[in-house]
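So the sequence shown is residues 0 to 257, counted in numbering that gives the first Met the number 0. The structure appears below as structure tokens.
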Amino acid sequence: MNDKKVIYYHDELNEEFSTAKIIPRNIDENYKYIHKNVIWNALAFLLQNVISIPIKYLYAKIKFKITYIGKEKLKAYKKQGYFIYGNHTQVFADTFLISNAVYPKVNYLIVNPENVSMKFLGNIVEMLGAIPIPSNKEAMKNFLTTIEKRITSGKSITIFPEAHIWPYYTKIRPFKSVSFKYPVKLGTPSFCMTNTYQSYGKNNKKVKIVAYIDGPFFPDENLTLKEQQENLRNKIYNCMVERSKNSNIEVIKYEREI
0 MNDKKVIYYH DELNEEFSTA KIIPRNIDEN YKYIHKNVIW NALAFLLQNV
50 ISIPIKYLYA KIKFKITYIG KEKLKAYKKQ GYFIYGNHTQ VFADTFLISN
100 AVYPKVNYLI VNPENVSMKF LGNIVEMLGA IPIPSNKEAM KNFLTTIEKR
150 ITSGKSITIF PEAHIWPYYT KIRPFKSVSF KYPVKLGTPS FCMTNTYQSY
200 GKNNKKVKIV AYIDGPFFPD ENLTLKEQQE NLRNKIYNCM VERSKNSNIE
250 VIKYEREI
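Have a look at this one:
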């Protein structure tokens, strides 16, 4: 693929390459993480568990020819809540590729405020399970309460620890341990799903996603809370790095600019 796009970067931790430019709304203490409105909840249930299912499944199969390896690892936890960490390489599809893998478990996603900031579409994204990161300390209590409620009710929560989207990136960017405080605090299992890009078809020029699911990973209770958080981060990061080595084709080439 000699004509592939090249993206130059400086900062693996903070640069964003999504083409969507959205002004984020303020997620303050007045933001409703959990809705009590019956109509809202009914619409959210229909959208998340009925209407969107065939759309998400067909899109993933037709667009990416996706194959999941390791889904059986989730079966023992079908009635238990857990976190699942993924690499962030698709602007649109990342919102549901993991949800497809854990179905019929209801999956929620921790997202940046931009994801729920689009007029009308923001409501759709919320109904599909988005849990936006708070914009201030006052909203943090409601955010953490929502995470705990979803996990204790047997749902899954997706986290993209890389935080920023790098389309079709084939490696794992270094990420911080901050997002691993949730499974440590709640004492819950974690999984990771690593999307790799692999060639197929005539002359191996077509691209498909092969997604590897690994886990469960647990906090090491012999360590301090901070050490547990870092240890869990390292186990999942190292696993994802190894899985990413299965990518064998680049759609977009990323080069560090000096």
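Idealized CB from N, CA, C, for every residue including glycine. Here the structure is a predicted model, which means the values were calculated and not measured.
Cβ atoms of ILE212 and LEU96 stay farther apart than 8 Å, at about 11 Å. For ASP219, same chain residues with a beta-carbon under 8 Å away, outside a window of 5 residues either side, are GLU226, GLN227, ASN230, LEU231 in chain order.
The alpha-carbon of CYS238 is positioned some 39 Å away from that of TRP39. A residue is called buried when at least 16 other Cβ atoms come within 10 angstroms of its Cβ; LYS62 does not meet this threshold and is exposed. C-alpha of ARG24 to C-alpha of PRO112: approximately 6 Å in a straight line. Across the structure, ILE235 and PHE216 are spaced so that their CA atoms are roughly 8 Å apart. Looking only at SER98, GLN197, ASN114, THR193, the smallest Cα-Cα distance to ILE21 is reached by ASN114.
Between the C-alpha atoms of ILE6 and ILE171 there is a straight-line separation of about 16 Å. Put simply, of LEU12, PHE142, GLY80 the residue whose alpha carbon is nearest the alpha carbon of ASN86 is LEU12. Collapsing the DSSP output to three states places GLY200 in coil.
Under the three-pair Cβ rule at 8 Å, the region 188 to 205 counts as touching the region 241 to 248.
It is roughly 13 Å from the alpha-carbon of VAL90 to the alpha-carbon of ALA59.
Its chain contains LYS3, LYS4, ILE6, PRO166, TYR167 as the residues whose beta carbon lies nearer than 7 Å to that of ILE251, once the 5 sequence neighbours on both sides are disregarded; these appear in chain order. Contact check between the region 149 to 156 and the region 95 to 110: three or more CB pairs, one atom from each, fall below 8 Å, which counts as touching.
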